[in-house]
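Residue numbers 469 to 871, in our numbering, belong to the letters of the first sequence in order. Each residue gets a CB set at the ideal place from its N, CA and C atoms; glycine is no exception.
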Amino acid sequence: MINSLRGMNDILAEDYERFTYFISTATEIAKKYGFHFVQTPLLEETALFKRSVGESSDIVGKEMYQFIDKGENDVCLRPEGTAGVVRAFVQKKLDKAGGIHRFYYHGAMFRYERPQKGRLRQFHQFGVESFGVDSVYEDANMIMMASDILAALGIGYRLQLNSLGDQNCMPAYRDKLVKFIESCEDAICEDCQRRKLTNPIRVLDCKNEKCQSLYLNAPKLLYNLCEACQSDFDKLKTILDNNNIKYEIDTNLVRGLDYYSKTAFEFVSDNIGSQSAITGGGRYDRLVEFLDGKATPAVGFAMGIERLLELIVMPESSREGYYLGAMDDEAIDLIVSLAHKKRKETKVNVEYKSKNLKNHLKGADKVNARFCCVIGENERNDGTIWIKDLENKTETTVKMELF
RNA sequence: GUGGGAUUAGCUCAGUUGGUUAGAGCACUGGUUUGUGGUGCCGGGGGUCACGGGUUCGAGCCCCGCAUCCCACCCCA
469 MINSLRGMND ILAEDYERFT YFISTATEIA KKYGFHFVQT PLLEETALFK
519 RSVGESSDIV GKEMYQFIDK GENDVCLRPE GTAGVVRAFV QKKLDKAGGI
569 HRFYYHGAMF RYERPQKGRL RQFHQFGVES FGVDSVYEDA NMIMMASDIL
619 AALGIGYRLQ LNSLGDQNCM PAYRDKLVKF IESCEDAICE DCQRRKLTNP
669 IRVLDCKNEK CQSLYLNAPK LLYNLCEACQ SDFDKLKTIL DNNNIKYEID
719 TNLVRGLDYY SKTAFEFVSD NIGSQSAITG GGRYDRLVEF LDGKATPAVG
769 FAMGIERLLE LIVMPESSRE GYYLGAMDDE AIDLIVSLAH KKRKETKVNV
819 EYKSKNLKNH LKGADKVNAR FCCVIGENER NDGTIWIKDL ENKTETTVKM
869 ELF
């Protein structure tokens, strides 16, 4: 038997119901916020991710499905969605067109990681990206949209918030942090020593307890913001307060992708195990420029669909459509024809074997049909069909031509 | 990539110190004496015990390997 690859799952039956329910709910809300669908390829040039996500990130450093194709191009399966959307944005010259462009997307992402609950090698994200708005109101808007989607799905969460600063305050802070790290360099873990050189901000995110205890006294970026970043962050908090969205400030929240600046946020769930981040996002004002576009402010987020599926509260499914059955073999052709006609308007299940009434009622119940319709000897003689509403338990008999 | 646990029917799981033909519930299927379901009763099908080796007279059970899932690390959505 050939099995699916490690960390790659089939989605079918009830899982697919939940999957499509999520997509339609999220899509509906994204459209209300004025976003439009964008689809980009699963395969991109490797350089795209190296330049956007960043070579120091784990994603690019060790998790990409990267290979040389037959034309000797260095390509990889996309590990995340933002880079492709930004590339498309620049390639279609929307940066030069100016104005505001808002996109939503969903699809498969690939990361070569050790699988775990909530962590797959092929997984799916729903994401949104907004280009051309530098106002912090847009940041708040994104958070409100994510919050609306989670609320519509009945998902509880905690929202964590931080600011990563911008090109004015980040470099100065980085120097300050590196000096701090150097002061305790001998005591920190190997990973952190490496991070000091590649991406010092990430040490704050270290899970090592000893490191964390040392970093309690580390300078916090949030307290070293320039005036513009500080006022934006304060404004963001005010907007969220005004709209009754609860949040926690997490000064150590650092997004694992290098392109974020200013607002960074993460929605986490306490009910799905250690892979608890269900939505992550933030502002990335420099990325369009990094990818050879005209400088354009942008902000976005992505949701991990598989992680959300177990948390979704589905609306109760109600009885729907018709079940048609024959009580003797002579009636089978009749119900097949009636089913063909009825399918022009609704869902119809047909049982091809003649059975007694009790078994047909059982069958209708099993497929969750609203109406159980049966033709037996009596009905054939009268040219009628017997119909029972399984919800209201009422019965009628109608002429076949009126069915 | 590191460490730990698990793997027996479609699903959830029992299975004694190694000993005849591997069980249950649910699901599926048929019947219930001739037209009333979801909720009665009776029956039936379905398992190379994940896979590959080894020890043994004999392995679901012990040993080794391997795959997958789960947990933690890590990472992130």
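query: Taking 8 Å as the threshold (C-beta atoms), are Leu755 and Val553 in contact?; result: no
query: By Cβ distance, which residues of its chain are closer than 6 Å to Tyr727, with the 5 residues on each side in sequence left out?; result: Ser520, Tyr752 and Leu755
query: Helix, strand or coil for Asn630? Go by DSSP, reduced to three states.; result: strand
query: Is the beta carbon of Arg570 less than 8 Å from the beta carbon of Arg579?; result: no
query: Is it the case that the Cβ atoms of Phe490 and Leu776 are separated by a distance below 8 Å?; result: yes
query: Which parts of the stretch 598-665 are runs of the alpha helix (DSSP H), unbroken and 4 residues or longer, counting only runs that do not cross its ends?; result: 604-620 and 638-651
query: Sort Arg474, Arg486 and Met476 by Cα distance to Glu784 and report the nearest one.; result: Arg486
query: Along the chain, which unbroken stretches of the beta strand (DSSP E) at least 3 residues long are found entirely within the stretch 723-783?; result: 729-736, 745-751 and 766-772
query: Spatial neighbours of Lys459 within its chain, please: CB distance less than 7 Å, with the 5 preceding and 5 following residues excluded, ordered by chain position.; result: A question about residue 459 goes unanswered here, because the residues of the chain that appear run from 469 up to 871.
query: From the DSSP output, in three-state form, read off Glu716 for me.; result: strand
query: Please determine if the stretch 737-750 and the stretch 612-629 are in contact, where contact requires at least 3 C-beta pairs separated by less than 8 Å.; result: yes
query: Determine the burial state of Thr488: buried for a count of at least 16 other Cβ atoms within 10 Å of its Cβ, exposed for fewer.; result: exposed
query: Taking 8 Å as the threshold (C-beta atoms), are Tyr573 and Gln507 in contact?; result: yes
query: Of all the options Pro639, Thr814 and Lys762, which has the alpha carbon lying nearest to the alpha carbon of Leu562?; result: Lys762
query: Give the straight-line distance between the Cα atoms of Glu482 and Val781, rounded to the nearest whole angstrom.; result: 13 Å
query: Take Ser524 and list the residues in its own chain whose beta-carbon comes closer than 7 Å to its own, dropping the five residues that flank it on each side.; result: Thr666, Asn667 and Asp726
query: Determine the DSSP secondary structure at Asn710, reduced to helix, strand or coil.; result: helix
query: Going by beta carbon distance, what residues of the same chain come within less than 7 Å of Val818, once the five residues before and after it are set aside?; result: Leu792, Ile803, Val804 and Ala807
query: Which class does Val818 belong to by DSSP, given the choice of helix, strand or coil?; result: strand
query: Return the first residue and the last residue of the beta strand (DSSP E) that Glu512 is part of.; result: Leu511 to Glu513
query: In the DSSP assignment, find the unbroken alpha helix (DSSP H) run with Tyr489 in it and report its ends.; result: Ala481 to Lys500
query: If you count every other CB in all the chains shown that lies within 10 Å of the CB of Ala794, and 16 or more means buried, which is it?; result: buried
query: Using 8 Å for Cβ pairs, my map puts Cys694 next to Asn636. What's the rounded Cβ distance?; result: 4 Å
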